[in-house]
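Colleague:
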Amino acid sequence: MYPHYKTKSIKKGVTLVEILVASAILAFIGGIVGHWFFLQREYQGRIFAISDSQQTIRQASWAMMQELRTARSVLLPRINSDKSIRSDSKVVFKNFAGDIICYYYVASTRELRRCKVPNGPGTPSIDNEPVASNIDQITFTASDDGNRLIDIFMEVNGTFGLESVFLMNE
Amino acid sequence: MAMPFEDIVEVPPPGIALYDAPAGTFFGPFINTSGSSSGEKFITQGNMPEFYSYLAQHDFRYSLSVSNVSFGDGDEIKSVGILVSWIENNKNMMYRLYVYVPSL
Amino acid sequence: MNIRKREDRQGIAIVMVIGLVAIIVPVLYLLSQLGTSQTKLAFKYHENLLTETTAFSGSNAGVSRLRGNLRGYQSLSNQLIGDEAYSLTLRPTGKGFFEQDLYFMLASSKIKNHHYAIMAEAEQFNPQPSPPVLVITRDYWNTVEPYEIDQAADVLSMQNDRGVDLLRLDETREYEKNATPSQYSSEMSAKSGMLPSELVPDWPEIVGNLTSEKLSM
Chain A
23 MYPHYKTKSI
33 KKGVTLVEIL
43 VASAILAFIG
53 GIVGHWFFLQ
63 REYQGRIFAI
73 SDSQQTIRQA
83 SWAMMQELRT
93 ARSVLLPRIN
103 SDKSIRSDSK
113 VVFKNFAGDI
123 ICYYYVASTR
133 ELRRCKVPNG
143 PGTPSIDNEP
153 VASNIDQITF
163 TASDDGNRLI
173 DIFMEVNGTF
183 GLESVFLMNE
Chain B
6 MAMPFEDIVE
16 VPPPGIALYD
26 APAGTFFGPF
36 INTSGSSSGE
46 KFITQGNMPE
56 FYSYLAQHDF
66 RYSLSVSNVS
76 FGDGDEIKSV
86 GILVSWIENN
96 KNMMYRLYVY
106 VPSL
Chain C
247 MNIRKREDRQ
257 GIAIVMVIGL
267 VAIIVPVLYL
277 LSQLGTSQTK
287 LAFKYHENLL
297 TETTAFSGSN
307 AGVSRLRGNL
317 RGYQSLSNQL
327 IGDEAYSLTL
337 RPTGKGFFEQ
347 DLYFMLASSK
357 IKNHHYAIMA
367 EAEQFNPQPS
377 PPVLVITRDY
387 WNTVEPYEID
397 QAADVLSMQN
407 DRGVDLLRLD
417 ETREYEKNAT
427 PSQYSSEMSA
437 KSGMLPSELV
447 PDWPEIVGNL
457 TSEKLSM
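Chains as they are written, first to last, in our numbering: chain A, 23 to 192; chain B, 6 to 109; chain C, 247 to 463.
As structure tokens, then:
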């Protein structure tokens, strides 16, 4: 009696054409959203990378400054004989207790490491953990003839750190 | 560079740029890996391109605010405000630090 | 015919809804991530900048006053850096190690939930000149967590820490004084083989500096 409705009532689900049309629209929206998604992830990653780099610089310079501030004299680098400034990738100084401390850059592993040499009998010891990792460059510069002022310049992933330390003790 | 007491003088804002800093300022010369003054390097585009563009992009500058207190007989104290300014996300930023420097 | 069209659109709608939900969920997740992380960073940076500026300036001012052998030495008062207040207190702790007087200076500031306490240790050697001359100042600070120096245990551990350093200083000084320049130089030069390779080329220069500045009797 109602053949039209009978046939139709059997049909369930979606046709290929319907899926194709929907997929095309979704692909278009998905493309735009996906691109935006990618850009935002990249931006977020960049912010975290900068934050991490700043943290690395802070921690490294703080560790060194604590020890340098109470140190007695800087042994290396020292200003040149013509009184010009002198830079090096390591700093060696006599610490508060009179022992010799070295902070040095290891280019192959991009690490900053610390080594302690007893002022007297005893063997040098290198700290197990590096002071900082992922350092692109570090420069210690001596600029005063009393060997008590050291500038520290550090680069981590395009982020830069500048510090100066004045040694308090004689 | 270590600065003699008498050389600590007012540097009014906007101050001295950290990049291309002239000789005798806080950051000029900046490094020297050689054994004489001929190897001194300033923060210029040619010497340190990445660091230079970072400083120039944010226009990092420093200025000094100095006031003297005298106790007589050459005994003085300078109150020094170190102001570091830069531009970030179109905003003017500043970091202040105050120190007292005795002449003795 | 109309029903057929409606059913066509129904199919598209179902697939679209499923597809959009599949896209929107990760987008919402990303947005929430971006929102929280950036806001947190911005707040943290702002607050840290404020508190650090205040606290570091405060301690610097205090340490400078100590080093500057200040008149009105004992009466360090609370001060302002910009709009933010910080407090300075000085505590003489009596006789210390090796006949030194120990002083502790405490500078502190608080903004919101960040509390900075900066401690400087100042020592004077006897006999005291008049006015006294400060020979050592040393800072301590930690961020975020308050540092309660009022607690006796902290003061004691600090004194012990300094005591160990001073005992070692006595040893190194004695060694330098008792060794002849050539003994001292050869002892230090012999360590070259045990040093990290980065230090080896500069070691002779370092030993030269050490020897020329060696303490003598």
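Idealized CB from N, CA, C, for every residue including glycine.
(1) Can you pull out the residues from the segment 57 to 74 of chain B whose beta carbon lies closer than 9 Å to at least one beta carbon of chain A?
(2) Which same chain residues end up closer than 8 Å to Gly120 (chain A) when comparing Cβ atoms and leaving out the 5 residues on each side of it in sequence?
(3) Applying a beta-carbon distance threshold of less than 9 Å, which residues of chain A neighbour Pro442 (chain C)?
(4) How would you list, in chain order, the residues of chain A whose beta-carbon sits under 9 Å from the beta-carbon of Gly40 (chain B)?
(5) Helix, strand or coil: which one does DSSP assign to Leu445 (chain C)?
(6) Rounding to the nearest angstrom, what Cα-Cα distance links Tyr275 (chain C) and Asp167 (chain A) in this structure?
(7) Label Trp449 (chain C) either buried or exposed according to how many other C-beta atoms from any shown protein chain fall within 10 Å of its C-beta, with 16 as the threshold for buried.
(8) Applying the 10 Å Cβ sphere with the 16-neighbour rule, what's the burial state of Pro99 (chain A)?
(9) Helix, strand or coil: which one does DSSP assign to Tyr57 (chain B)?
(10) Give the interface partners of Met262 (chain C) over in chain A, defined as CB-CB distance under 7 Å, in chain order.
(11) To which residues of the same chain is Glu177 (chain A) closer than 7 Å at the C-beta, ignoring the five residues directly before and after it?
(12) Listing by chain order, which chain A residues have their CB less than 8 Å from the CB of Leu445 (chain C)?
(13) Which partner residues does Pro107 (chain B) have in the DSSP bridge list?
(14) Going straight from the alpha carbon of Glu417 (chain C) to that of Ser43 (chain B), what length do you get?
(15) Quick one: grab the DSSP three-state call for Asp110 (chain A).
(16) Could you tell me which of B:Tyr105, B:Leu102, B:Lys96, B:Glu55 sits nearest to Gly180 (chain A), measuring between CA atoms?
(17) Of all the options A:Val96, A:Thr161, A:Leu189, which has the alpha carbon lying nearest to the alpha carbon of Phe35 (chain B)?
(18) I'd like to confirm the pairing. Which residues does DSSP put opposite Met98 (chain B) in its beta bridges?
(19) So that I know if they touch, is there some Cβ in chain A lying closer than 9 Å to that of Gly44 (chain B)?
(20) Helix, strand or coil, according to DSSP, for Asp385 (chain C) in the structure here?
(21) What is the DSSP secondary structure of Met176 (chain A), counted as helix, strand or coil?
(22) Can you name the residues of chain B whose CB is closer than 7 Å to the CB of Phe182 (chain A)?
(23) Determine the direct distance from the alpha carbon of Lys112 (chain A) to that of Ser58 (chain B), and round the result to whole angstroms.
(24) Which chain C residues sit within Cβ distance under 9 Å of Ser186 (chain A)?
(25) For Arg68 (chain A), count the other beta carbons within 10 Å of its own beta carbon; 16 or more makes it buried, fewer makes it exposed. Which is it?
(26) Using a Cβ cut-off of 7 Å, which residues of the segment 150 to 174 of chain A contact any Cβ in chain B, in chain order?
(27) Identify the contact partners of Val267 (chain C) in chain A, using a Cβ-Cβ distance below 7 Å as the criterion.
(28) Determine, using beta carbons only, whether Asn97 (chain B) comes closer than 9 Å to chain A.
Modeller: Short version:
(1) Within the segment 57 to 74 of chain B, contact with chain A at the beta-carbon level (separation under 9 Å) is assigned to Tyr59, Leu60.
(2) Arg94, Asn141, listed in sequence order.
(3) The answer, in chain order, is Cys124, Tyr126, Val128, Arg135, Cys137, Pro146, Ile148.
(4) What Gly40 (chain B) touches in chain A, judged by beta-carbon distance under 9 Å, is Asn102, Ser103, Asp104, Ser106, Arg108, going in chain order.
(5) Secondary structure at Leu445 (chain C): coil, using DSSP grouped into helix, strand and coil.
(6) Computed Cα separation, rounded: 58 Å.
(7) Trp449 (chain C) comes out buried.
(8) Burial state of Pro99 (chain A) is buried, judged by a 10 Å Cβ sphere holding 16 or more other Cβ atoms.
(9) It is helical.
(10) Under the 7 Å cutoff, chain A gives Ala44, Ile47, Leu48.
(11) Around Glu177 (chain A): Asp158, Gln159.
(12) Within chain A, the residues placing a beta-carbon under 8 Å from that of Leu445 (chain C) are Lys112, Val114, Cys124, Tyr126, Cys137, ordered along the chain.
(13) Its beta-bridge partners are B:Ile82.
(14) Rounded to the nearest angstrom, the gap between the Cα atoms of Glu417 (chain C) and Ser43 (chain B) is 42 Å.
(15) DSSP places Asp110 (chain A) in strand when its eight states are reduced to three.
(16) Checked all of B:Tyr105, B:Leu102, B:Lys96, B:Glu55; the closest Cα to Gly180 (chain A) is B:Glu55.
(17) For the residues A:Val96, A:Thr161, A:Leu189, the minimum Cα distance to Phe35 (chain B) belongs to A:Thr161.
(18) B:Trp91, per the DSSP bridge assignment.
(19) So, interface residue.
(20) Note that Asp385 (chain C) scores 48 on pLDDT, short of 50, meaning its location in the model is unreliable; the coordinates nonetheless yield the value given after this. In the structure shown, Asp385 (chain C) sits in a strand (DSSP, three-state: E or B).
(21) Correct three-state label for Met176 (chain A): strand.
(22) Counting only Cβ-Cβ distances below 7 Å, Phe182 (chain A) has contacts in chain B at Phe56, Tyr59, in chain order.
(23) Using only the alpha carbons, I get a separation of about 26 Å.
(24) Neighbourhood of Ser186 (chain A) in chain C, by CB distance below 9 Å: empty, with the nearest CB roughly 13 Å away.
(25) Result: exposed.
(26) Answer set for the segment 150 to 174 of chain A: Thr161, Thr163, Ser165, Asp166, Leu171.
(27) Within chain A, no residue comes near Val267 (chain C); the closest Cβ sits about 11 Å away, beyond 7 Å.
(28) Contacts with chain A at 9 Å (Cβ-Cβ) do not include Asn97 (chain B).
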